[in-house]
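The listed protein sequences derive, respectively, from chains A and B. If you count by our numbering, then the first sequence holds residues 41 to 420, one letter each, in order. If you count by our numbering, then the second sequence holds residues 41 to 420, one letter each, in order. Virtual Cβ for every residue (Gly too), placed ideally from N, Cα, C. Values in this document were obtained by computation on a predicted structure and should not be read as measured data.
Protein chains: 2
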Amino acid sequence: MLDCILNKDGTYLTLDDGKTKTRFHAIWLRDNAWDAATRSADNGQRLIALGDIPAETSVSAATLVGDTLRVTFAPEDKSVDYALSWLLENAYDRPANTQAGWTKPSVETWDNDLMSHLPVASFDAVSSDPAALQRWLGQIARYGFAKLTNGPIEELALMRVVKLFGYVRETNYGRHFEVRTEVNPTNLAYTGLGLQAHTDNPYRDPVPTVQVLYCLESSAAGGENMVVDGFRVAERLRAENEEWFNVLARYCANFEYAGSDDVILQSRRPMIELAPDGELIGVRFNNRSTAAITDVPFDEMATYYAAYRRMGEIIDDPAMEVSFRLEPGECFLVDNRRVLHARKGYSGAGKRWFQGCYADMDSLNSKLAVLETEHLAAAE
Amino acid sequence: MLDCILNKDGTYLTLDDGKTKTRFHAIWLRDNAWDAATRSADNGQRLIALGDIPAETSVSAATLVGDTLRVTFAPEDKSVDYALSWLLENAYDRPANTQAGWTKPSVETWDNDLMSHLPVASFDAVSSDPAALQRWLGQIARYGFAKLTNGPIEELALMRVVKLFGYVRETNYGRHFEVRTEVNPTNLAYTGLGLQAHTDNPYRDPVPTVQVLYCLESSAAGGENMVVDGFRVAERLRAENEEWFNVLARYCANFEYAGSDDVILQSRRPMIELAPDGELIGVRFNNRSTAAITDVPFDEMATYYAAYRRMGEIIDDPAMEVSFRLEPGECFLVDNRRVLHARKGYSGAGKRWFQGCYADMDSLNSKLAVLETEHLAAAE
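Here it is in structure tokens:
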């Protein structure tokens, strides 16, 4: 049995199911009305501004009829119906997250254990079957990373991958970039070096939120790709030393790329990025393009460097790493705000040709949400 | 007379010019060495990781020779030269900004007084004269907004504007979008409504950081464009009521667009965005696409709504507004993280045809930095 109780001056109402009391403010309810005068029936966009709603709005009456709450607002004397399910889904009367670095329930952090169930799909399946595409995009949303196999072995095939969910983010590196390496025994020492795991382009703001790396040729032994979950790295750092986690989140680093391409790209952002309420929303880590860090107070700089060093050690720990070899026609995607990637060293001669490009997570998440909605609608 | 003093264990050194003492940690100096083994002479990228530098690094000797500080590090027994000018430019031994909502010295906030000196340039000048382009991009960096006049009156001319500094950000709306309005006396009431000033696409994450709106036809009376500096709005809100400023910065709003274009775009970001050290870096304000706000605690929601309402009132205050009419061949750009834009109502019949597109501030700032560097080099 659900009760609905108004407070004395009607500034909020309380839904009480006997176990839980959930309060909603009058102004919040009025602002979120879904009647045709408030919201467009076509696209859900709000047709009025907050200034069109009286500041002194209160609830003059509220009645439960089945699954609907009918609310009458004063002074407008306007009645609006709310689905109870919508109200409970959007309830805000709950304790706040207090642990800095929390993640959404839809995010699952990982380490080397992900090797046993690599997120992967086949190009044909995701191209032809919306359910397969939904599963694959869901993996990227959950893990920040997935492989795609059995794709075409042809130049610019990566554009067909991006078209599955979004749009290329063009940069000074072009709409796509070439990663070609010729490995011969005389320069193995150099090419064998590998690269420390990093996020791409931290000197760009906004950073590209998706990177695609597509293999077209891979005859050299070694040169595996590896990925590390930056969110798990941040969680582990926090577990080891909360002050180290906090110092990397509290102060901005500087990143710079001023290469030979006629660009001077600079950004000032933290290595661990939190939303204002503590949600972990990004990691930036790139030894090559970290510029002088100038916004950490002198008294905190030694702690900052200890934290930065430890973050790098955790990233380099093989227990954190998922590695895989890409064959021609295979690619992988990372959420570049979260997952670091690297190339391992080579152990033999041969050629390696990859094409890469950037895109954005917002359109990927949108495509996923559309597929989920269609799937639900079809199931009903 | 400049002195250089080491502390007892060599973990930092102090530059003392008799008035100011500026300290630098050994690990910071070592990490920022510019010798050929640490940094690529080609592109300035760091060749080593922090883990390649001993954690116990200290300064064993430091000598001033003219404008150079020569530092010897233990245990590596490695000597590195630093230009004193570089050290003082990158000094971090200074009091932190304590006022939430500070802005960089290169940012100048404005209100209606900007009408007397509108940032504007001519298309021909910025297309042919690097100094004119530098001035114009500098205005956009400083004010978050500028006009461009005397451009070609032809479809997709806006792409030539974007090419001056960067790359189009393609979205579900395409590489560009059409804004066509036919105003006739029978529906003036509707089209005459205008739009509340807003930032574009707050439901996208990352938001497009530049918007270009290019006029191709404008025969209707009225329909002026107007812009409002969201940074000045935030500053004014803070001056009026600091708690209102803080509540909009501390909690995330939700934004959503689930229109008919097969998209469900959602974001969770604050209306006033601060870097972790309080720099004001973004404003999101859009009555049409603000979704139910669900991450403000119950006890703060009434304050949040009061703050949100006041922010809208400040935005609507004519004293904040810069308005102008665009003729065919004219366009304006906004930094969409900062400057709100709107269209005013019409007062007569006619046609209006604009093309719009998105791009990003990072490449614009890069182009500006390259031009400034070339200009300095030419002057030397």
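Under a criterion of Cβ atoms nearer than 7 Å, the residues of chain A adjacent to residue 330 of chain B are, in order, 86. Scanning the segment 131–189 of chain A for uninterrupted alpha helix (DSSP H) segments of 4 residues or longer gives 163–168 and 170–183, listed from N- to C-terminal end. B:235 is the residue among B:287, B:235, B:317 and B:260 whose C-alpha sits nearest the C-alpha of residue 380 of chain B. In this structure, the beta-carbon distance from residue 120 of chain B to residue 111 of chain B falls below 8 Å. If you look at residue 415 of chain B, you'll find it in the alpha helix (DSSP H) that goes 401–419. A residue is called buried once 16 or more other Cβ atoms fall within 10 Å of its Cβ, and residue 238 of chain A is buried on that count. Taking every protein chain shown into account, the CB of residue 125 of chain A has fewer than 16 other CB atoms within 10 angstroms, so this residue is exposed.
Just so you know, the alpha carbons of residue 295 of chain A and residue 68 of chain B end up roughly 15 Å apart. Secondary structure note for residue 285 of chain A: its alpha helix (DSSP H) is the uninterrupted segment 282–290. In this structure, residue 174 of chain B keeps its C-beta atom at 8 Å or more from the C-beta atom of residue 404 of chain B. Under the rule that a run must span 4 or more residues, no alpha helix (DSSP H) segment is found entirely inside the segment 67–116 of chain A. Residues of the segment 360–392 of chain A with a C-beta atom less than 7 Å from some C-beta of chain B do not occur. The secondary-structure analysis by DSSP pairs residue 334 of chain B with nothing; it has no beta-bridge partner. At a Cβ-Cβ threshold of 8 Å, residue 198 of chain B and residue 271 of chain B do not count as neighbours. Of the residues B:79, B:277, B:384 and B:414, the one whose Cα lies closest to the Cα of residue 140 of chain B is B:277. Shown here, residue 350 of chain A sits in a helix according to DSSP, grouped into three states.
Taking each of B:256, B:216 and B:273 in turn and checking the Cα distance to residue 250 of chain B, the smallest one comes out for B:216. For residue 125 of chain B, the enclosing alpha helix (DSSP H) has its first and last residue at 124–129. For the 8 Å CB-CB criterion, residue 84 of chain B and residue 83 of chain A do not form a contact.
Taking a C-beta cut-off of 7 Å against chain A, the contacting residues of the segment 114–137 of chain B are 130, 132, 133 and 136, listed in chain order. Residues of chain A with a Cβ closer than 8 Å to the Cβ of residue 290 of chain B are, in chain order, 316 and 317. Residue environment analysis places residue 212 of chain A among the buried positions, since at least 16 neighbouring C-beta atoms fall within 10 angstroms of its C-beta. Restricting attention to A:181, A:142, A:152 and A:186, the CA atom closest to the CA of residue 161 of chain A is found in A:186. Here residue 47 of chain B carries a coil assignment [DSSP, helix/strand/coil]. Residue-level contact by beta carbon holds for residue 327 of chain A and chain B, with a gap shorter than 8 Å.
With distances taken between CA atoms, residue 223 of chain B lies nearest to B:386 out of B:386, B:53 and B:408. Between the alpha carbons of residue 191 of chain B and residue 383 of chain B lies a gap of roughly 21 Å. In the structure shown, the three-state DSSP call for residue 270 of chain A is helix. Annotation: residue 354 of chain A to residue 347 of chain A spans about 10 Å, alpha carbon to alpha carbon.
Short of 6 Å from the beta carbon of residue 345 of chain B, and not among the five residues preceding or following it, lies no beta carbon of its own chain.
Inclusion of residue 206 of chain B and residue 357 of chain B in the CB contact set at 8 Å is not warranted, their separation being larger than that value.
Within the same chain, Cβ atoms closer than 6 Å to the Cβ of residue 273 of chain A are found at 354 and 355, the five residues on either side in sequence being excluded. In the three-state scheme derived from DSSP, where H, G and I count as helix and E and B as strand, residue 307 of chain B is classed as strand. Comparing alpha carbon positions, the residue from A:391, A:43, A:416 and A:408 closest to residue 220 of chain A is A:391. When B:340, B:63, B:362 and B:402 are compared, the shortest CA-CA separation from residue 63 of chain A is found for B:340. For residue 380 of chain A, the enclosing beta strand (DSSP E) stretches over residues 379–383.
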